[in-house]
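To start, the structure itself, in structure tokens.
Numbering (the numbering used here), first residue to last: 64 to 657.
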């Protein structure tokens with residue numbers, strides 16, 4: 064429950080420090096004094112988006128701080144898991160700091176957290192019902208939520224949604240493989256041809272450069288052979304060859320080498336020169352042998368180079384790049400084959416998962432229908448307590464396909480289409496279209512509240528016929544039935560009695576008081592018949608000091624509370640009669656409570 068609320072520089076509230084108790088906490092005050100700021104403060108603590116213009120004029124920062132005690136052990140454990148804090152012992156201190164320029168901060172027990180986390184925590188501790196919440200009750204998705212909360216099915220529904228998303232993902236993968244099968248076959252034929260051609264070519268790194276160099280030699284074969292022959296003859300084969308003369312001079316000088324260092328150095332140098340020349344001559348002989356031995360090499364080299372050039376132009380890659388491309392083609396072919404082999408496995412896994420999904424769905428449907436029957440009876444009784452003894456509310460649970468057919472056959476012109484659950488959009492892929500259309504992320508059921516306000520008339524969808532006052536009572540009846548099933552500790556009702564008369568207001572007050580036995584309930588009201596049932600009564604008023612308007616919140620007791628109720632009964636023209644009536648209302652409410 065919310066123990067303390069501190070507000071600083073929010074709208075017209077300069078400062079407010081409020082402590083709350085258990086049960087029904089009623090808030091009253093004239094229109095326009097700022098009662099909505101209290102509701103907004105609770106919404107801010109639950110993670111609502113804020114605007115910089117909510118900051119009091121002339122201030123740089125507004126601050127809202129709420130201290131919650133969490134008595135429900137599982138809920139406290141959830142919050143501890145989200146925050147990493149020990150909220151079971153320390154409670155939850157939520158602080159929002161709103162700053163000019165939008166640099167807002169969110170803190171839990173002094174630790175800064177992202178707003179997304181606060182929203183998850185806020186959903187566990189605060190639930191706000193206003194005009195928007197009543198309108199959302201008209202949506203089938205919200206009606207399904209009511210049934211699942213009543214039946215305590217939210218954990219099972221979450222598990223089903225995870226399984227559903229996994230099946231949809233697998234179906235989409237199968238569809239992708241099926242839809243691209245023809246393209247993959249065409250691609251496989253092409254790649255197979257490319258790979259065969261590149262493998263047949265037996266490309267080698269640096270081959271083109273080597274061929275071009277060798278081809279230049281072969282094209283000059285005759286001239287090269289002539290030059291090589293003359294060189295070998297002159298240096299090696301002639302009667303007085305260069306090598307012979309070098310050897311002779313080496314021997315002649317070597318005789319005197321020990322007489323002078325210069326002679327010895329000459330002998331060494333000429334020996335090295337002769338050895339180097341000898342090696343070079345052997346290389347020339349090898350070249351001569353090669354050119355003489357393969358006279359067709361020129362034509363072969365030209366043919367090979369032409370083939371490389373042809374492949375380079377066809378695939379727009381260099382010869383060395385074609386070697387890498389060949390490996391890429393081989394890898395892509397392997398992936399295509401692997402994908403085709405994977406398809407039967409995926410289809411078998413999909414069939415297994417789909418069977419599991421159907422089993423889970425049947426369990427949800429069975430429990431929903433049992434809960435719907437019980438909820439219909441309980442809400443009917445609650446509506447009788449709220450001044451609608453002849454009204455009925457039937458909770459219909461249909462299969463998705465059947466519900467869609469009903470919708471198609473009962474469309475009202477200019478009416479908004481049915482809004483689906485925001486848990487997960489309907490997904491229809493090629494495979495899923497025939498086998499997954501019976502499911503949504505919430506199961507295979509569509510819930511519709513059928514409302515019959517008058518006897519003798521068939522019930523019709525609540526979204527079609529409920530008036531504002533009727534919808535308020537239906538909302539309150541539903542919350543009364545959810546009180547023990549759903550343990551959100553703090554419920555906020557913002558003018559749920561709008562448009563309701565005094566007689567019905569008493570019944571609404573009783574229901575809110577009864578809700579207060581299971582929750583801490585905040586109610587902003589204009590009806591004294593509701594306000595008298597409050598365990599605590601807070602009054603919101605505004606005043607002008609030194610030209611500045613400010614709103615104040617204070618708790619009313621004793622005669623102050625009597626005067627507030629009297630003013631709500633008669634307006635500013637308070638009388639002894641209205642005071643007496645107010646006192647009697649408080650006494651009657653207290654007597655009923657005790």
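For each residue, glycine too, the CB sits at the ideal point set by N, CA and C.
DSSP three-state assignment for residue i, whether helix, strand or coil
| i | result |
| --- | --- |
| residue 114 | coil |
| residue 154 | coil |
| residue 517 | coil |
| residue 67 | strand |
| residue 445 | helix |
| residue 94 | coil |
| residue 461 | strand |
| residue 88 | strand |
| residue 149 | coil |
| residue 481 | Annotation note: pLDDT 27 at residue 481 (below 50); position unreliable, coordinate value reported separately. Coil at residue 481, not helix or strand. |
| residue 432 | helix |
| residue 656 | helix |
| residue 524 | strand |
| residue 318 | coil |
| residue 508 | strand |
| residue 499 | coil |
| residue 326 | helix |
| residue 647 | helix |
| residue 83 | coil |
| residue 126 | strand |
| residue 107 | helix |
8 Å contact criterion, which residue i and residue j should meet: CB distance rounded
| i | j | result |
| --- | --- | --- |
| residue 309 | residue 345 | In fact, because the Cβ distance is near 16 Å, the residues do not count as touching under 8 Å. |
| residue 133 | residue 110 | With 8 Å as the limit, residue 133 and residue 110 do not qualify as a contact, their Cβ atoms being about 16 Å apart. |
| residue 550 | residue 210 | Contact flag wrong, Cβ pair sits at about 17 Å. |
| residue 598 | residue 86 | 3 Å |
| residue 190 | residue 554 | 5 Å |
| residue 23 | residue 556 | As shown, the chain starts at 64 and ends at 657. That puts residue 23 outside it, with no answer to give. |
| residue 158 | residue 123 | Not confirmed; about 16 Å, so no contact. |
| residue 343 | residue 313 | Wrong, their Cβ atoms sit about 18 Å apart, outside the cutoff. |
| residue 77 | residue 112 | Not really, about 23 Å apart at Cβ, beyond 8 Å. |
Buried versus exposed, by CB contacts within 10 Å (16 or more), residue i
| i | result |
| --- | --- |
| residue 103 | buried |
| residue 377 | exposed |
| residue 75 | buried |
| residue 517 | exposed |
| residue 322 | exposed |
| residue 568 | buried |
| residue 372 | exposed |
| residue 72 | buried |
| residue 639 | exposed |
| residue 255 | exposed |
| residue 449 | buried |
| residue 331 | exposed |
| residue 217 | exposed |
| residue 292 | exposed |
| residue 215 | exposed |
Own chain residues within Cβ distance below 6 Å of residue i, not counting five before or after
| i | result |
| --- | --- |
| residue 558 | 587 |
| residue 208 | none |
| residue 564 | none |
| residue 619 | 600, 602, 627 |
| residue 392 | 254, 257, 258 |
| residue 126 | 71, 160 |
| residue 27 | Here the chain covers residues 64 to 657 and nothing more, so residue 27 does not appear. |
Beta-carbon contacts of residue i that lie in its chain and below 7 Å, excluding the five residues immediately before and after
| i | result |
| --- | --- |
| residue 594 | 89, 91, 588, 600, 628, 631 |
| residue 507 | 424, 428, 462, 463, 501 |
| residue 367 | 274 |
| residue 201 | 525, 526 |
| residue 523 | 513, 514 |
| residue 399 | 247, 250, 251 |
| residue 236 | 409 |
| residue 540 | 442, 445, 446, 449 |
| residue 578 | 542, 543, 546, 554, 584 |
| residue 612 | 75, 605 |
| residue 320 | 326, 327, 330 |
Close beta carbons around residue i, own chain, < 8 Å, minus the five adjacent residues each side
| i | result |
| --- | --- |
| residue 498 | 234, 417 |
| residue 340 | 298, 305, 306, 309 |
| residue 192 | 538, 542, 554, 555, 556, 557, 559 |
CB contact check: residue i to chain C, cutoff 8 Å
| i | result |
| --- | --- |
| residue 374 | Included in the structure is just one protein chain, with no chain C present. |
Cβ-heavy atom distance, residue i to the ligand HEM, below 7 Å
| i | result |
| --- | --- |
| residue 448 | The ligand HEM is absent from the structure shown, which contains no ligands of any kind. |
Problem set entry | Segments of 4+ residues assigned as alpha helix (DSSP H) that fall wholly inside the segment 157-221 | 178-188, 194-199, 203-213
Problem set entry | Within the segment 538-595, ranges of the alpha helix (DSSP H) (whole runs, at least 4 residues) | 565-578, 591-594
Problem set entry | Any alpha helix (DSSP H) of 4 or more consecutive residues that is wholly inside the segment 328-394 | 360-378
Exercise. Which runs of the alpha helix (DSSP H) fall wholly inside the segment 593-643 and span at least 4 residues, in chain order?
Worked result: 621-633
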